[in-house]
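**Student:**
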Amino acid sequence: MKKRILNMFTIVAISIAFVSCKDKAAEANTSDAEAAAVAESTSEKYVANVAESTIEWKGFKPTGSHNGTVNIESGVFKTDAGRIKSGTFLIDMKSIVSTDMEEGEYKTSLEEHLKGTVEGKEGDFFNVTKFPTGAFEVTGTKTEDGKTMLSGNLSLKGQKHNITFPVTVSNNGDLMTIESEAFTIDRTKWGINYGSKSVFDNLGDKFINDDMELKIKIVAKKA
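Numbering (my numbering), first residue to last: 4 to 226.
1) Roughly how many whole angstroms lie between the Cα atoms of residue 67 and residue 84?
2) How would you label residue 89, buried or exposed, when you count the other beta carbons within 10 angstroms and need 16 or more for buried?
3) Could you check which residue in 111, 218, 110 has the C-alpha nearest to that of residue 168?
4) Given this structure, state the Cα-to-Cα distance separating residue 39 from residue 144, to the nearest angstrom.
5) So, is residue 171 buried or exposed, given that buried needs 16 or more other C-beta atoms within 10 angstroms?
6) Let's test the definition: count the other Cβ atoms within 10 Å of the Cβ of residue 203 and tell me whether it reaches 16, buried, or not, exposed.
7) Find out if the Cβ-Cβ distance for the pair residue 50, residue 185 is shorter than 9 Å.
8) Kindly indicate which residue of 80, 221, 199 has the alpha-carbon position closest to the one of residue 91.
9) Please say whether residue 137 and residue 195 have beta carbons closer to each other than 9 Å?
10) Taking the straight line between their C-alpha atoms, what separation do you get for residue 60 and residue 72?
11) Hey, residue 161 and residue 128 are a contact pair by Cβ (cut 8 Å); roughly how many whole angstroms apart?
12) Below 7 Å CB to CB, which residues in the same chain sit around residue 2 once its five sequence neighbours on both sides are set aside?
13) How is residue 106 classed by DSSP in three states: helix, strand or coil?
14) Tell me whether residue 146 is buried or exposed, calling it buried when 16 or more other Cβ atoms sit within 10 Å of its Cβ.
15) How should residue 111 be labelled, buried or exposed, when 16 other C-beta atoms within 10 angstroms of its C-beta is the threshold for buried?
16) Rank 69, 107, 223 by C-alpha distance to the C-alpha of residue 175 and give the top, closest one.
17) What residues match up with residue 169 in a beta bridge as DSSP calls it?
18) Once the 5 residues before and after residue 2 are set aside, which same chain residues still bring their CB inside 7 Å of it?
19) My output table needs one value for residue 66: the three-state DSSP class, helix, strand or coil.
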């Protein structure tokens with residue numbers, strides 16, 4: 004009987020692990036920074052509507068997860084026949100908020116820690132006083148398995164790496180929407196090392212996953 008119960012728990016554990024792996028967003032292909040794409044002079048220009056554009060984020064740890072948003076500060080794109088040829092957008096790192104908690108001391112404490120506005124913990128996460136702005140600059144697009152793959156240099160905390168992830172680009176009149184699927188990046192590649200068991204070996208179960216999930220939505224209007 005004990006063996007049957009043990010086998011049952013093993014099957015359940017394997018099933019949970021399988022579901023977790025299956026549901027996890029794919030990691031963006033990450034490489035060294037590349038030269039930014041340059042559009043032709045005849046390309047159409049679009050300017051981001053920052054009020055309707057945002058980045059959703061999600062961080063994971065053994066006991067659960069936190070999620071929230073960070074605002075787009077500005078953005079400009081150029082297209083040819085609806086295809087993105089070049090572009091860049093700035094990220095307002097000071098706007099990081101958590102959306103999974105009610106207003107209160109713990110929510111405020113988490114947001115301040117993420118921003119690095121807590122004395123003595125400025126470098127734990129994003130250190131927005133020293134690095135108030137992040138950026139993404141398009142380096143190219145390609146079609147892969149029927150999907151549009153957008154590549155660009157992501158700059159965070161003074162470090163820049165090229166990432167590639169799937170997006171849907173749609174046009175409605177003078178409006179263009181660029182919306183990514185959820186994808187993950189390894190935060191330690193940008194020097195965001197706090198709570199990483201791949202960086203620190205004495206954390207036990209008090210670690211935070213290296214994978215950080217992002218989902219980007221940019222709404223832009225033809226200039």
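Even for Gly, the Cβ is constructed at its ideal location relative to N, Cα and C.
Model, not experiment: these values are computed from the prediction.
**Tutor:** Reading from the atomic positions:
1) Between the alpha carbons of residue 67 and residue 84 lies a distance of about 43 Å.
2) Classification for residue 89: buried.
3) If we check each option's Cα against that of residue 168, 218 comes out closest.
4) The alpha-carbon atoms of residue 39 and residue 144 are separated by roughly 12 Å.
5) Residue burial is scored here from C-beta neighbours: residue 171 has fewer than 16 other C-beta atoms within 10 angstroms and is therefore classed as exposed.
6) The residue is exposed, with fewer than 16 neighbouring Cβ atoms inside 10 Å.
7) For residue 50 and residue 185, no; Cβs fall outside 9 Å.
8) The shortest C-alpha separation from residue 91 is found at 80.
9) Result no, Cβ atoms of residue 195 and residue 137 do not sit closer than 9 Å.
10) Distance between the alpha carbons of residue 60 and residue 72: 6 Å.
11) Between residue 161 and residue 128 the beta-carbon gap is near 13 Å, outside 8 Å, which marks them as no contact.
12) There is simply no residue 2 to check, as the chain begins at 4 and stops at 226 in what is shown.
13) Of the three classes helix, strand and coil, the one that applies to residue 106 here is coil, per DSSP.
14) The residue is exposed, with fewer than 16 neighbouring Cβ atoms inside 10 Å.
15) Residue 111 counts as exposed, since fewer than 16 other C-beta atoms from the protein chains shown sit within 10 angstroms of its C-beta.
16) The shortest C-alpha separation from residue 175 is found at 223.
17) Looking at the DSSP assignment, residue 169 forms a beta bridge with 152.
18) Summary: the structure shown does not reach residue 2, with the chain confined to residues 4 through 226, and so no result is reported for it.
19) Note: residue 66 maps to coil in three-state DSSP.
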